[in-house]
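Report on one structure; see the data block that follows.
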Amino acid sequence: MSEPALQLPLPGFERAQAEWRRDYGARMGAAANPRNRSGIEVKPLYSAADWSAERYMADLGFPGQPPMTRGIYPSMHRGRTWSQRQLIGFGTPEDYAARLAEILAAGASAISLIPCNSVYRGYDVDEVDPLLLGTCGATINTVEDMDTALSAVDLGRISTAMNDPLPFTLLALLLAVAKRRGVPWTKITGTSNQSDYISHFVANHMFFRLALPGSRRVLVDHIAFCQARVPGWNPLSVVGQHMQQAGATPAQAMGLTLSTAIQYAEDCIARGLDPEVFLEGFTFFFDISISFFEEIAKFRAGRRLWARLVRDRFGVRNPKAWRFKFHAQTSGVDLTRQQPLNNIARVAVQAMAGIFGGLQSLHSDAYDEVLSVPTEAAARVAIATQNILREEAHLTDVIDPLGGSFYVERLTEQMAAEIEAVIARIDTAGGMYAAVESGLVQTLLGEGAMAFQERLERGEETIVGVTAHQRDEEDFQVKPLERPERARMAAQIAKFQAFKAARNQAEVRRALDALARAAGKQSENLFEKVVDAAVAEVTHGEICACLRRELGFGQPLVVA
Amino acid sequence: MTGPTLAQRPPKVLVTKVGLDGHDRGSRLIATFLRDAGMEVVYTAPWQEIATVVKLALEEDVDVIGISSLATDHLLVPQVLSALRDAGLGHVRLVVGGIVPDDEAEELLRAGVARVFHPGSAREDIVAAVRKLAADARAET
Numbered sequence: 001m002s003e004p005a006l007q008l009p010l011p012g013f014e015r016a017q018a019e020w021r022r023d024y025g026a027r028m029g030a031a032a033n034p035r036n037r038s039g040i041e042v043k044p045l046y047s048a049a050d051w052s053a054e055r056y057m058a059d060l061g062f063p064g065q066p067p068m069t070r071g072i073y074p075s076m077h078r079g080r081t082w083s084q085r086q087l088i089g090f091g092t093p094e095d096y097a098a099r100l101a102e103i104l105a106a107g108a109s110a111i112s113l114i115p116c117n118s119v120y121r122g123y124d125v126d127e128v129d130p131l132l133l134g135t136c137g138a139t140i141n142t143v144e145d146m147d148t149a150l151s152a153v154d155l156g157r158i159s160t161a162m163n164d165p166l167p168f169t170l171l172a173l174l175l176a177v178a179k180r181r182g183v184p185w186t187k188i189t190g191t192s193n194q195s196d197y198i199s200h201f202v203a204n205h206m207f208f209r210l211a212l213p214g215s216r217r218v219l220v221d222h223i224a225f226c227q228a229r230v231p232g233w234n235p236l237s238v239v240g241q242h243m244q245q246a247g248a249t250p251a252q253a254m255g256l257t258l259s260t261a262i263q264y265a266e267d268c269i270a271r272g273l274d275p276e277v278f279l280e281g282f283t284f285f286f287d288i289s290i291s292f293f294e295e296i297a298k299f300r301a302g303r304r305l306w307a308r309l310v311r312d313r314f315g316v317r318n319p320k321a322w323r324f325k326f327h328a329q330t331s332g333v334d335l336t337r338q339q340p341l342n343n344i345a346r347v348a349v350q351a352m353a354g355i356f357g358g359l360q361s362l363h364s365d366a367y368d369e370v371l372s373v374p375t376e377a378a379a380r381v382a383i384a385t386q387n388i389l390r391e392e393a394h395l396t397d398v399i400d401p402l403g404g405s406f407y408v409e410r411l412t413e414q415m416a417a418e419i420e421a422v423i424a425r426i427d428t429a430g431g432m433y434a435a436v437e438s439g440l441v442q443t444l445l446g447e448g449a450m451a452f453q454e455r456l457e458r459g460e461e462t463i464v465g466v467t468a469h470q471r472d473e474e475d476f477q478v479k480p481l482e483r484p485e486r487a488r489m490a491a492q493i494a495k496f497q498a499f500k501a502a503r504n505q506a507e508v509r510r511a512l513d514a515l516a517r518a519a520g521k522q523s524e525n526l527f528e529k530v531v532d533a534a535v536a537e538v539t540h541g542e543i544c545a546c547l548r549r550e551l552g553f554g555q556p557l558v559v560a
Numbered sequence: 561m562t563g564p565t566l567a568q569r570p571p572k573v574l575v576t577k578v579g580l581d582g583h584d585r586g587s588r589l590i591a592t593f594l595r596d597a598g599m600e601v602v603y604t605a606p607w608q609e610i611a612t613v614v615k616l617a618l619e620e621d622v623d624v625i626g627i628s629s630l631a632t633d634h635l636l637v638p639q640v641l642s643a644l645r646d647a648g649l650g651h652v653r654l655v656v657g658g659i660v661p662d663d664e665a666e667e668l669l670r671a672g673v674a675r676v677f678h679p680g681s682a683r684e685d686i687v688a689a690v691r692k693l694a695a696d697a698r699a700e701t
């Protein structure tokens, strides 16, 4: 039953290889090899000369064992597949609660919360143009709003992932609701997505952030607070997705993400936190492009490098902290407005790459995302795609099924080398924080976006329906988008104002004063004061305005 | 010393974003396309106030304004148009690029937007359209 171990040199290998090269050359001539998005040359064939099983223990090992190339858990998708985390958020807190009730009734054990862009930018409902309210997410500004939004949720049992940029007011509001309901904070589980301020500075100016020094401090305060008071909460998700969406190649995105994680780890260590403990709470979030094998290799290489970095660079001995836990989202950049149903095929291929890459959580895009905020029908197809891949196609039967492929192993190695080169470049620039301050990262991303555009224009990349196989007729009718009802939103604004008027104003002032004072004192934990403020019924916009005043706002750096 | 005449001066375009969202891959790329095509580009960071857009258009004497929108900020564009008209800049052409549902794109065109570019628009088309619109804007001043 046991197979003989592969031994090099293989008798006859050289001769057979030479013969193949001759035959291949006779048909194909000297045509140049293509390069993948990360710039790596892709050969027509890989063999035992590129990778051999002699290196199995050094490069791969077994799942759950260093260097974790094959996966971070012994059972991987056999034991537990991935969480299907579809993002939801729309309209008022009541609208969100109604949608959530449906999802929970369907058996969801984890939920996500996407707030309105006004929340992302640090404003309450009465501070922005009402036309924009609730179009992309739910308008949650107060402990009362959060209580309403989560009315159907048993906080001690359901894990909540929130898109919650600093100063993490949504988590603060959630903790305030838990306090109202008598749920101990130690029972609260979930993740702060969008806590990675560096990714916001360089790639996605969608989120409230403080000037760099303030951002840096609040993130570490948040991590320290969660570690001490909300231990079931993952305070940090390091985001490679924004950088890849903004133009980084897959290898660059992975390298910059690992450099960002290194920066945050160093900042936490400088604060006196123990990496053996806090690194267990680090999670990652990536984009999955349609460059299938490249993405698989990106994830395998990233997982291997992170395990080694944590062990060797930070000297961490806790194997749980070596685990590269990641959520991934299929890339919207690859989707097309032309012939939009084609996007279903694209999303399936992207999702497969993520699954073979060993993800822990997956968001598959709706095919109409490039046209508008996804419709419900399209969101259902996105979920069905995941179910088909898992239950019909049996993609989860075997752990790391592409491990040992000559191509995938060689490519994993080459991607790892590219990723390490990016990390070395950032190290030389003084680390990620310094590289963001100087604009180096922003410049890299802009160049990457332009380089991809040029590849398209040179015909090195094809987009079906756009640069090839175009069709004239556009028979696909997009249903007009549902926009929040103006009257409901006006009622929400009135409700918000009534809430503010009815508060204990002395308590509000006390909490805001304490927050402002803590901003000036490094020895205090600012996030603790944010939580106190949320409990005292201070609003999201008031908290953000106070910190903006005290610590300065993080304007985007415009790089030509 | 004689400078170039008005007609010879390259088209001048303001590339910007209004509202709440800040995804800037699109606006940065478009700014580069137009600059590489020889136009003069005034580029801003995202999140501009409508009043700032009008002020910049006036001070910089632009022919065309390009507003990039990914997450519903295009809903504010009719307000930009009326603010431009109020400032006596009715001749300035306004184009929108990004993720705009069909029915709302039609509304924008009816409100006076010159063109709506959707994802996948070719560089040559964008450059040619902006050049033509800049010439139209000049002809009206």
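Residue numbers (the working numbering), protein chains in the order written: chain A, 1 to 560; chain B, 561 to 701. Quick reminder that beta carbons are idealized off the backbone N, C-alpha and C, glycines included. Computed from a prediction, not measured in an experiment: that's the story for all the values here.
Same chain, Cβ closer than 7 Å to residue i, five either side skipped, listed in chain order
i	result
residue 642/B	none
residue 519/A	526, 547, 550 and 551
residue 557/A	439 and 442
residue 189/A	159, 232 and 233
residue 528/A	225
residue 406/A	46, 47, 48, 50 and 51
Contacting residues, own chain, Cβ-Cβ under 6 Å from residue i (five flanking each side not counted)
i	result
residue 193/A	161, 163 and 237
residue 330/A	288, 347, 350, 351, 364 and 365
residue 234/A	191, 281 and 283
residue 401/A	none
residue 298/A	250, 254 and 415
residue 145/A	93
residue 436/A	198, 201 and 202
residue 126/A	493
residue 230/A	185 and 188
residue 396/A	77, 81 and 390
residue 246/A	203 and 445
Neighbour-count burial assignment, residue i, 16 or more Cβ in a 10 Å radius
i	result
residue 569/A	With chain A running from 1 to 560 in the structure shown, residue 569/A is simply not present.
residue 24/A	exposed
residue 701/B	exposed
residue 325/A	buried
residue 176/A	buried
residue 20/A	exposed
residue 285/A	buried
residue 9/A	exposed
residue 452/A	buried
residue 409/A	buried
residue 702/B	With chain B running from 561 to 701 in the structure shown, residue 702/B is simply not present.
residue 71/A	buried
residue 13/A	exposed
residue 244/A	buried
residue 498/A	exposed
residue 386/A	buried
residue 1/A	Caution is warranted here: a pLDDT of 36 is assigned to residue 1/A, below 50, making its placement in the model unreliable, and the coordinate value is therefore given only provisionally. By the neighbour-count rule (16 or more Cβ atoms within 10 Å), residue 1/A is not buried but exposed.
residue 601/B	buried
residue 523/A	exposed
Sequence-distant residues of the same chain with beta carbon closer than 8 Å to residue i, five excluded per side
i	result
residue 152/A	97, 100, 101 and 104
residue 195/A	164, 165, 166, 168, 219, 222, 235, 236 and 237
Chain A contacts made by the segment 578–594 of chain B, where a contact means CB separation under 7 Å: Residues are counted here when their Cβ sits less than 7 Å from a Cβ of chain A; for the segment 578–594 of chain B these are 579, 580, 581, 582, 583, 584, 585, 588, 589 and 592, given in chain order.
Contact the segment 212–228 of chain A vs the segment 256–272 of chain A: 3+ CB pairs below 8 Å: Pairwise C-beta distances place the segment 212–228 of chain A in contact with the segment 256–272 of chain A, as three or more of them are shorter than 8 Å.
Chain-ordered residues of the segment 204–216 of chain A with a beta carbon less than 9 Å from chain B: Within the segment 204–216 of chain A, the residues whose Cβ lies closer than 9 Å to some Cβ of chain B are 204, 205, 206 and 207, listed in chain order.
Contacting positions in the segment 328–360 of chain A - beta carbon closer than 7 Å to chain B: Residues of the segment 328–360 of chain A that bring their beta carbon within less than 7 Å of a beta carbon in chain B comprise 336, 337 and 338, in sequence order.
contact_flag[the segment 619–626 of chain B, the segment 571–590 of chain B] where n(CB pairs < 8 Å) is 3 or more: The way I'd put it, the segment 619–626 of chain B does touch the segment 571–590 of chain B; three or more beta-carbon pairs between them come closer than 8 Å.
The segment 580–587 of chain B touching the segment 117–135 of chain A, judged by at least three CB pairs closer than 8 Å: A contact exists between the segment 580–587 of chain B and the segment 117–135 of chain A.
Contact between the segment 614–622 of chain B and the segment 646–656 of chain B (3+ Cβ pairs under 8 Å): Counting C-beta pairs closer than 8 Å gives three or more between the segment 614–622 of chain B and the segment 646–656 of chain B, which meets the contact rule.
Members of the segment 678–698 of chain B near chain A, C-beta cut-off 8 Å: Listed by position along the chain: 678, 679, 680 and 683.
Complete beta strand (DSSP E) runs within the segment 592–675 of chain B (minimum length 3 residues, chain order): Those beta strand (DSSP E) runs which fall completely within the segment 592–675 of chain B and span 3+ residues are 600–603, 624–629 and 653–658.
Short-range partners of chain A found in the segment 642–663 of chain B, where Cβ spacing is below 7 Å: So the list reads 659, 661, 662 and 663, given in the order they occur along the chain.
Stretch pair the segment 36–47 of chain A + the segment 61–68 of chain A: three plus CB contacts closer than 8 Å: The answer is no - the segment 61–68 of chain A does not touch the segment 36–47 of chain A, with fewer than three Cβ pairs under 8 Å.
The segment 630–642 of chain B / the segment 129–146 of chain A touching (three or more Cβ pairs under 8 Å): Counting Cβ pairs under 8 Å, three or more are found: they touch.
Any 3 or more C-beta pairs closer than 8 Å across the segment 532–540 of chain A and the segment 505–513 of chain A: The segment 532–540 of chain A, when compared against the segment 505–513 of chain A, does touch it at the 8 Å Cβ threshold.
Contact set between the segment 103–119 of chain A and chain B, restricted to residues whose Cβ is under 7 Å from the partner: Within the segment 103–119 of chain A, the residues whose Cβ lies closer than 7 Å to some Cβ of chain B are 117 and 118, listed in chain order.
Inside the segment 154–200 of chain A only - beta strand (DSSP E) runs reaching at least 3 residues: As for any beta strand (DSSP E) of minimum length 3 sitting wholly inside the segment 154–200 of chain A, the runs are 159–163 and 190–193, ordered along the chain.
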